[in-house]
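Remarks on the structure that follows.
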Amino acid sequence: MDFSTEAERLLGDRARLTSRPGLGVTLEATRPILPGELILSDTPLLVASSASSLSPAARVRYEEAGDSGDYNLDDLLILHAFVRAGERVRRRVLEGFCAEECCEPGHAMLLDAERCAAWARTHDAAASGQHGAADLARACVVFTLNCFGHLADGVTGGAPTLFWLASKFTHRCLRPNSVFHGEGGRLHVRAVRPIAKCDVLTISYLGVWAHCAAPLRRGLLMRTKGFRCRCEDCAAPDVMRSLPCPACAPRDGATGLLVRA
């Protein structure tokens, strides 16, 4: 599906969609962007269902599946929302985002998605009639790789949420050139440092976990996003490794503060 017209409308003269080796479809600046400047204000494409929104019987069924340890409740609630979305939204979810082709083969998230797709087709009548198991599994992976969560925007309730254009920002661990926040039902992305024309636009997928040594960051990204990070921060000297480990470093018995080496 071609969404270039919509991208141009949302990005204006600030940025454009492009394709870069090793990054795939991403965003690059089309002019210099100043710190604090709004780059994008994106609306949700699809928000995962919340357990509290289900009927009492359905909620019990979904939560029991999640509690069993065999299924990821977040994925089940994602599929609950996906199969009830309109056809246009479902098509964009399946065709407008990266999914299993961007993930390490055999990754646990792929196996989780396949199990949840099979469960949905068995236990949710809406899931059994619209899409095959492969499409349902792909929808799960699309959310895992691309969604934003825990947004204080007054609309999503912190649930996993897909924003189509915002998902095209590339990851950088420590020094992304942009940051995002939810407000008024939208995801806003602003520059945090000067961005030159043709620079790739970046955000950090890690949140507070960005402030860790590179091996931990890379391990977390592999588990949660299915890729080994090769951003500039991971390729450079590991500045975060010089921080003392809060579990191992000696502490002052009176204050609990780390003892200066």
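Sequential numbering from 30 applies to the sequence shown in the working numbering.
Just so you know, even glycine gets a beta-carbon here, dropped at the ideal spot from N, CA and C.
C-alpha distance - D182 paired with E212, whole-angstrom precision = 4 Å
Less than 8 Å separating the beta-carbons of L249 and L235?
-> yes
Please work out which residues of its chain come closer than 7 Å, Cβ to Cβ, to L291, disregarding the five sequence neighbours upstream and downstream, and give them in chain order.
-> Residue 291 lies beyond the residue range present for the chain, which begins at 30 and ends at 290; the question has no answer from this structure.
Quick one: using the 10 Å Cβ neighbour count with 16 as the cut-off for buried, is T199 buried or exposed?
-> Buried, since its Cβ has 16 or more Cβ neighbours within 10 Å.
Whole-Å CB distance - E66 paired with A220, under 8 Å assumed = 5 Å
Along the beta strand (DSSP E) that carries S207, what are the first and last residues, could you check?
-> 207–212
Relative to the C-alpha of T190, which residue among A162, E93, A168, V208 is closest?
-> A168
Can you give me the Cβ contacts of V54 inside the same chain, cut-off strictly under 7 Å, excluding the 5 residues immediately before and after it?
-> Result list for V54: L46, S48, K197, in chain order.
Looking only at C-alpha atoms, which of D281, L69, R38 sits nearest to V208?
-> L69
Work out the CA separation of G282 and V218 for me, nearest whole Å.
-> Taking the straight line from one Cα to the other gives about 44 Å.
Relative to the C-alpha of I107, which residue among S233, I232, C176, E116 is closest?
-> Nearest of S233, I232, C176, E116 to I107, Cα basis: C176.
Report yes if the CB atom of A195 is closer than 8 Å to the CB atom of D71, and no otherwise.
-> yes
Local Cβ density within 10 Å of V76, reported as buried at 16 or more and exposed below that | buried
Can you tell me which of S33, A44, E37, L39 puts its alpha carbon nearest to the alpha carbon of A225?
-> The shortest Cα separation from A225 among S33, A44, E37, L39 belongs to A44.
Note down, in chain order, each residue of its chain lying with its Cβ closer than 6 Å to the Cβ of A243, except the 5 sequence neighbours on either side.
-> C263, D267
Which residue's Cα is closest to the Cα of A188: C227, A162, I62, A110?
-> A110
With a threshold of 16 other CB atoms inside 10 Å of the CB of C260, please say whether the residue is buried or exposed.
-> buried
Can you tell me where the beta strand (DSSP E) with D71 in it begins and where it stops?
-> 67–71
Rounded to a whole number of angstroms, what is the C-alpha to C-alpha distance between D104 and A142?
-> 7 Å
4 or more residues per run - each alpha helix (DSSP H) lying fully within the stretch 151–215 = 154–159, 162–175
If you count every other CB in all the chains shown that lies within 10 Å of the CB of L174, and 16 or more means buried, which is it?
-> buried
Whether A146 touches L165 by CB criterion (8 Å) = yes
Taking the DSSP output, what are the residues bridged to I107?
-> DSSP links I107 through a beta bridge to no other residue.
D99 and R144: beta carbons closer than 8 Å?
-> Closer than 8 Å, so yes.
In angstroms, rounded to a whole number, what distance separates the CA positions of G178 and F172?
-> Distance between the alpha carbons of G178 and F172: 10 Å.
Please work out which residues of its chain come closer than 6 Å, Cβ to Cβ, to P205, disregarding the five sequence neighbours upstream and downstream, and give them in chain order.
-> T231, I232, S233
How many whole angstroms separate the CB atoms of G186 and S79, which I take to be in contact at a CB cut-off of 8 Å?
-> About 6 Å separates the two Cβ atoms, so the contact holds.
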